[in-house]
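The opening residue of the sequence shown carries number 1 in full-length UniProt numbering; numbering runs sequentially from there.
In this text, a Cβ means the ideal position worked out from N, Cα and C, and glycines have one as well.
All of these numbers come straight from a predicted model, not from anything done at the bench.
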Amino acid sequence: MIFIIGNSIIMLTISVYCSLVLLLLFNFECVNSDRRFYVDYEKNEFIKDGNAFRYVSGSMHYFRVPRSYWRDRIRKMKSAGLNAISLADGIENNFRYYGIDFNIGLK
């Protein structure tokens, strides 16, 4: 009797977890179903979420800016209307990553 009760509790737990996973997957799919990004080659433009999208990019040479000013520079670039930032490396033809942490808490 204890084995049957223990087994049914395990089955109930598994079914609850599976239901939660399915619910989360369904919810995730519904939230992200309208998000789409592609290139319209006929009109020569990017389409993001059904609207025309234009990249407006700027460049920041992080090695020329003191680290304490990075947040300020990136915020100024965002307030100027940029939606992409290019980071230039100071050494030509050198594409190694040196472990620089660009996570400065911007939102």
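With the rule of 3 Cβ pairs closer than 8 Å, the stretch 67 to 80 does not count as touching the stretch 36 to 48. Burial check for residue 14: the Cβ neighbour count within 10 Å stays below 16, so the residue is exposed.
Here residue 38 carries a strand assignment [DSSP, helix/strand/coil].
Taking C-beta separations shorter than 8 Å and ignoring five residues to either side along the sequence, the partners of residue 46 in its chain run 37, 38, 39, 40, 52, 53, 54 and 55, following chain order.
Going by beta carbons, residue 59 and residue 88 fall inside the 8 Å limit.
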